[in-house]
Amino acid sequence: MLERQLQEVKEELAQTVVALDDATQARLLLQEVAEFAREQARQQIESLVTNALQFIFGGDTQFRVEIEEKHKQPSAEFYLTSTYEGGYRVETRPQEARGGGVVDVVSLALRIALLEACGLEGPLLLDEPGKHVSEEYSLQVATFLKQLSQNFGRQVILVTHNQHLAQSGDKAFLVEMQQGVSRVREL
């Protein structure tokens, strides 16, 4: 009787070990799939933001996403890399060493990448996009928004004080306050 119980316990232990091994294999597979998905998303985001920066500002600025694990959770840091005469390379975080216009463009491109990656449909609503981008580059921001609207089939609705952005739309409206009442007219 003791031998039979011992045999049953051994069989149960063997089944538990197999089940544990299956669970471990499944967990490892899920981790690999998640890592692959993160890598694909990272590459798409880097490409879209880099293209936006180069289109608007020219030059060879590259956007880089560094993904690492902090407290057993994936964490992302963003960097901009530029190469200057003589091959001198500078890498900084956008918010620390670049002007507000660069941060505006990075932020705008990240929002677009997120919308596209998540498959969210509908218009892109923007309030003062590129407000820190200098006048010198505002026409490129307008062209970028127009092209992204066409490329992604997404309507762009924006509020702006920038004439280049206002004039780039298929329709533009001016809202003026007159004696406490908002008046709207098509431009």
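So the sequence shown is numbered by this note's numbering: it starts at 6 and just counts up by one. Every residue, glycine too, gets a C-beta built ideally from N, C-alpha and C.
8 Å contact criterion, which residue i and residue j should meet: CB distance rounded
i: LEU131; j: VAL111; result: In fact, because the Cβ distance is near 14 Å, the residues do not count as touching under 8 Å.
i: GLY105; j: HIS137; result: 3 Å
i: ARG94; j: TYR84; result: Not a contact, Cβ separation roughly 11 Å.
Selection from the options that minimises the alpha carbon distance to residue i
i: LEU115; options: ALA46, VAL186 and GLU191; result: ALA46
i: THR97; options: THR86, VAL186, TYR142 and GLN183; result: THR86
i: GLU73; options: THR55, GLN100 and ARG43; result: ARG43
i: GLY127; options: SER154, VAL108 and SER139; result: SER154
i: ALA177; options: LEU192, ALA39, THR165 and ARG94; result: LEU192
i: ALA118; options: GLU82, ALA171 and ILE50; result: ILE50
i: LEU53; options: GLU133, LEU150, SER80 and GLN168; result: LEU150
i: VAL164; options: GLY135, GLU140, GLN152 and GLU141; result: GLY135
i: GLU82; options: GLU101, ARG94, GLU13 and THR66; result: GLU101
i: VAL107; options: SER139, VAL95, ARG9 and GLN36; result: SER139
i: LEU125; options: GLY158, GLN67, ASP109 and GLY104; result: GLY158
i: GLN78; options: ASP65, PHE68 and ALA39; result: ALA39
i: GLU71; options: GLN48, ASN56, GLU141 and GLU13; result: GLN48
i: GLU133; options: GLN168, CYS123 and GLU141; result: GLN168
i: ALA57; options: LEU33, ASP109, ARG9 and LYS15; result: ASP109
i: ASN156; options: ARG190, ALA19, GLU121 and SER187; result: GLU121
Residue i - partner residues in DSSP beta bridges
i: TYR142; result: TYR142 is not bridged to any residue.
i: LYS75; result: GLN78
i: GLU181; result: ARG188
i: VAL70; result: PHE83
Heavy atom of the ligand NAD within 7 Å of residue i beta-carbon
i: GLN155; result: What this structure holds is no ligand at all, so the ligand NAD is not there to describe.
Q. If we count Cβ pairs, one from each stretch, closer than 8 Å, do we get three or more for the stretch 61-71 versus the stretch 132-146?
A. yes
Q. Touching or not, the stretch 176-189 and the stretch 75-95, by the rule of three or more beta carbon pairs under 8 Å?
A. no
Q: Ignoring anything shorter than 3 residues or poking outside the stretch 87-163, list the beta strand (DSSP E) runs there in chain order.
A: 93-97 and 129-132
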